[in-house]
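Chemist: Just passing along the structure, written as structure tokens.
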Amino acid sequence: MAKVSFEQIKGFVFDLDGVITDTSLYHTKAWHQLADKLDVTWSKELEDGLKGISRMDSLEMILKAGHKENDYTHDEKVALATEKNTNYVNEISKMTPENILPGIKAFLDDLRANGYQIALASASKNGPTVLKNLELTDYFPKIVDPASLSKGKPDPEIYTKGAELLGLAPETCIGVEDAAAGIEAINAANEVSVGIGDATLLKDADVRFDNTAEMTLANIKKAMA
Ligand code: BG6
Ligand code: MG
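Just so you know, we're using the numbering used here here: the sequence shown kicks off at 1 and counts up by one.
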């Protein structure tokens, strides 16, 4: 049972990586490569925990996992994060609309046709480039600038700002996420959370689907009834 009724919903605030497209795989690949170089053991827990987390916070989590958080200066940490980003940017430069996850384009068209407002709430500074390569820029007239945030996910700030950009009350917005930290952020912002992916990981989501193809307005309405 969701917090509000489906009829009260006026806008959708989307995460990008792992929701619109599978860039989470590229983030994972690039971080895993850096972790190996730093001699930090990679694990599924670390991989899941990094989802939705900003670039510098992700690096800190990796260093902490290897008990190496005090081994590098600030400038060295910036250089490591830049190295990861260079590898990531190389991956996303090859992206095309074929990299849009199943059902997402149809869902965005349906939202538009039904008058819902749409915003992007991605922690990624590469978000606008990814949208451009996917040819989806026009669907997202409102994008929260992650550089403007004082705290990253799981803090609600990014989702609160998403609703603000749309001029909507948070409770009339649905947030869509693949990360546990993102679901926590949506719930704390008092929006309705839709999780895409693993039931255990996304146990706090108000509504959850196994994959993006299942995310339709009809299915969301049914799940919120
Ligand atoms: C989030 C991803 O969307 O963006 C994280 O889930 C990533 O994995 C974060 O670290 C920041 O991305 P970027 O592109 O600014 O390094
Ligand atoms: Mg994500």
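Note that CB positions come from ideal geometry on N, CA and C, so glycine has one too.
1. Just reading off the beta strand (DSSP E) that Glu135 is part of, what are its end residues?
2. For Asp39 versus Gly182, is the C-beta spacing smaller than 8 Å?
3. Would DSSP call Asp17 helix, strand or coil?
4. Spatial neighbours of Asp178 within its chain, please: CB distance less than 6 Å, with the 5 preceding and 5 following residues excluded, ordered by chain position.
5. Counting along the chain, where does the beta strand (DSSP E) carrying Glu177 start and finish?
6. Just mark Val207 as buried or exposed, buried being the case when its beta carbon has 16 or more other beta carbons within 10 Å.
7. In the DSSP assignment, what residue or residues form a beta bridge with Ile196?
8. Look at Ile174 and Val194 and say whether their C-beta atoms are less than 8 Å apart.
9. Measure the alpha-carbon distance for Val13 versus Ala163 and round it to whole angstroms.
10. Does the separation of the CB atoms of Lys77 and Leu59 fall below 8 Å?
11. In or out: Asn126 buried (at least 16 other Cβ within 10 Å) or exposed?
12. With three or more C-beta pairs closer than 8 Å as the rule, is the stretch 97-104 touching the stretch 139-155?
13. Smallest Cα separation from Thr212: which of Lys10, Asp22, Gln8, Val130?
14. Taking its Cβ as the centre, do 16 or more other Cβ atoms sit within 10 Å of Gly11, making it buried, or is it exposed?
15. Could you check what DSSP says for Met1 in three-state terms: helix, strand or coil?
16. Following a CB-centred definition, is Lys221 positioned closer than 7 Å to any heavy atom of the ligand BG6?
17. Count the other CB atoms, across all protein chains shown, that sit within 10 Å of the CB of Asn133; report buried if there are 16 or more and exposed otherwise.
18. Does the distance from the C-beta atom of Phe107 to that of Thr28 stay below 8 Å?
19. Nearest to Pro170 by CA position, among Met95, Thr129, Tyr159, is which residue?
20. What does a CB cutoff of less than 7 Å around Asn85 pick up in its chain, not counting 5 residues either side in sequence?
21. Tell me which residues pass a beta-carbon proximity test against the ligand MG: closer than 7 Å to any heavy atom, given in chain order.
22. Could you check whether the Cβ of Tyr26 sits closer than 7 Å to any heavy atom belonging to the ligand BG6?
23. Taking only heavy atoms of the ligand BG6 into account, decide whether any of them is closer than 7 Å to the Cβ of Tyr159.
Modeler: Inspection of the coordinates gives the following:
1. Neither: Glu135 is in no beta strand (DSSP E) and is coded neither H nor E.
2. no
3. strand
4. Gly18, Val19, Ile196, Gly197
5. 173-177
6. buried
7. Phe209
8. yes
9. 7 Å
10. yes
11. buried
12. no
13. Asp22
14. buried
15. Residue confidence for Met1 is low, a pLDDT of 45 falling below 50, so the modelled location carries little weight and cannot support an answer.
16. no
17. buried
18. no
19. Tyr159
20. Arg55
21. Asp15, Leu16, Asp17, Gly18, Val19, Ser24, Lys51, Gly52, Glu177, Asp178, Ala179, Gly182
22. no
23. no
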